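Per the UniProt record's numbering, residue 1 is the first one in the sequence shown, and the count goes up by one each step. Ideal placement from N, C-alpha and C gives every residue a C-beta, glycine not left out. Just so we're clear, the structure is a prediction, and the values are computed from it rather than from any experiment.
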Amino acid sequence: MKEYWTSLASILGVFAFCQTILQTVFPPELRFASAKLLNRIFNCFSTYCYFEITEIDGVNTNELYNAVQLYLSSSVSITGNRLSLTRAVNSSAFTFGLANNDSIVDTFNGVNVVWEHVVTQRNSQTFSWRPLPDEKRGFTLRIKKNHKHLILNSYLDYIMEKASDIRRKNQDRLLYTNSRGGSLDSRGHPWESVPFKHPSTFDTLAMDPEKKKEIMEDLIDFANGQSFYHKTGRAWKRGYLLYGPPGTGKSSMIAAMANFLGYDIYDLELTEVHNNSELRKLLMKTSSKSIIVIEDIDCSINLSNRKKNKNNGSAVSSVNSVSVSSRSYYDTGVGGGGEENGNSITLSGLLNFTDGLWSCCGSERIFVFTTNHIEKLDPALLRSGRMDMHIFMSYCSMQALKILLKNYLGVDLDDSVLKELEEVIEMARMTPADISEVLIKNRRKKEKAVDELLEILKVRGERNGKNGDVREKDDGDDDEEEEQEKRALDSDSPKQESEIEDDCKEGLEEEEKIK
């Protein structure tokens, strides 16, 4: 044994001596050049190529590194032995990722690639305005050389899109509103945000199931329609008009749409917008995958039917100038002093906001307008391309009532009780909000809730029948309200050239009178 250790020490000594000789004979520069030459020779015969993706690119954060980290988190099994666990700011979920110096195999279009998470200690830092982390982190991508073009042309773009979807799903929804008076926040943004926690979904929405299914399918087609919109040369946006009596669930519908798609909501308050230029700037500062909402548009701005005003002898400017007014505009019949307060935008500016050149600044955005009186809106705002889908939010139907009973009481009623409710629900013309209040008040006493609701529906139905408030219906639907929409759209039919010239002349004459 002693002889073994003696011979081993001799070998190590000879090796150390040879290493000293080599370091003396071959300077570091020569050794570096030799290693580089050998590496090139190895790469010539190797079938693989390697790409380094570092966490820090100079002094800036590498977005591709963060995207790869998120993307791989969706591929790593949580049953692994060594995983990193993180939770981002405003996130509602935990993210699993590769541990230090671990690797994983991914497949894209039938091609296998290898990702390795490399973590090394950083050398002593020189002076820097931005201190760097002690550890140097990065990913190494190994692919075959004959797959290089496929991976670089499409795989990395796929990773960026996938990471964006994961980030949006993990983060809580945000509700934005434009700053008061057009002011900017500390970061120079005109929007202020709070977490969006509205629990409304299409499952809990009190609406006819067939209509909900139609809306959900339309939303899915829109969200998955990037290639379609690009192929047809259309901006990737869609408009929805929600109209109907107050309390029929228009705001809940918007919340359900946002939760269904995972989009943020921008609640645009027109009374705080000074002019068209500020309106465009607000649009430019909205993000993709978002819903831009203008609620009660018939009250916040004067968008009345120009043709109706013309028939009534109202003076209408040819430039379609409109002034911001108070919410009581249509209640009092008198426009608020919007121009006196310095808040003035034009109908043309609002139309360009929804369907003009500026509307394509961004992608995958939805515009939602709500109104209680569709007949008061200008037909130019209602046409396809601006408001593509018109959704009538009606009084509570029997199908909607069943959803409310399930949501608040969680019970299945007897057929006899359901038949009694069905006989009076249409005549009562109660909104889902009114019925919900009755059920909430008596949610601890379910039988009392049903009895009281049935009594209220009967009283409302008898009163409406005596006052003649209930219009005749063909098949139980609210045809009268929908007919108002048809009349509004018909009034916007294409005009002949002579009619357009007459309108222009009349507008010029009215402007001269005003001057």
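- For K285, the three-state secondary structure derived from DSSP is coil.
- Taking a 10 Å sphere around the C-beta of L205, we find 16 or more other C-beta atoms and assign the residue as buried.
- Shown here, G97 sits in a strand according to DSSP, grouped into three states.
- Within a 10 Å sphere around the beta-carbon of P199 sit fewer than 16 other beta-carbons, which makes this residue exposed.
- Under the three-state reduction of DSSP, E437 is assigned to helix.
- Secondary structure note for M257: it is in no beta strand (DSSP E), and the uninterrupted alpha helix (DSSP H) holding it is K250 to L261.
- When secondary structure is reduced to three states using DSSP, Y395 falls in the coil class, being assigned neither helix nor strand.
- For secondary structure counted as the alpha helix (DSSP H) over 4 or more consecutive residues, the stretch 127-208 holds these complete runs in sequence order: 156-170.
- Residue pairing by DSSP places N464 opposite no residue, since no beta bridge is assigned to it.
- Check the Cα spacing between I366 and each of D378, A255, I345 and I425: the tightest is with A255.
- Comparing alpha-carbon positions, the option among G247, L219, Y243 and G249 lying closest to M257 turns out to be L219.
- In this chain, the alpha helix (DSSP H) harbouring D415 covers D415 to A428.
- A contact is defined here as three or more CB-CB pairs under 8 angstroms, and the stretch 100-119 meets this definition with respect to the stretch 141-152.
- As a beta-bridge residue in DSSP terms, Y48 pairs with K144.
- Bounds of any alpha helix (DSSP H) do not take in V273, whose DSSP letter is neither H nor E.
- Judged by pairs of C-beta atoms under 8 angstroms, the stretch 237-253 does not touch the stretch 281-288, as fewer than three such pairs exist.
- Around the beta carbon of P195, fewer than 16 other beta carbons sit within 10 angstroms, so the residue counts as exposed.
- Between the C-alpha atoms of V273 and L279 there is a straight-line separation of about 6 angstroms.
- Annotation for L242: the continuous beta strand (DSSP E) segment containing it runs K237 to Y243.
- Non-local C-beta neighbours of T354 in its own chain, meaning closer than 7 angstroms and more than five positions away in sequence, comprise G239, F367 and R386, ordered along the chain.
- Counting only runs that start and end inside the stretch 97-121, the beta strand (DSSP E) elements of at least 3 residues fall at 103-108 and 111-121.
- The straight-line gap separating the alpha-carbon atoms of E210 and W191 is approximately 36 angstroms.
- Less than 8 angstroms divides the Cβ of S363 from the Cβ of S288.
- Within the model, the alpha-carbon separation for I425 versus S397 is close to 7 angstroms.
- In the structure shown, D451 adopts helical secondary structure according to DSSP, grouped into three states.
- Taking 8 angstroms as the cut-off, the Cβ atoms of K162 and Y71 count as close.
- DSSP places V293 in the strand class (E or B) of the three-state scheme.
- Counting every other CB atom within 10 Å of its CB across the protein chains shown gives S154 a total below 16, marking it as exposed.
- The Cβ-Cβ distance between I345 and N259 does not fall below 8 angstroms.
- Spanning the alpha carbons of Y266 and V293 requires a straight line of approximately 6 angstroms.
- Put simply, the backbone Cα of N464 is about 31 angstroms away from that of I215.
- Secondary structure at V368: strand, using DSSP grouped into helix, strand and coil.
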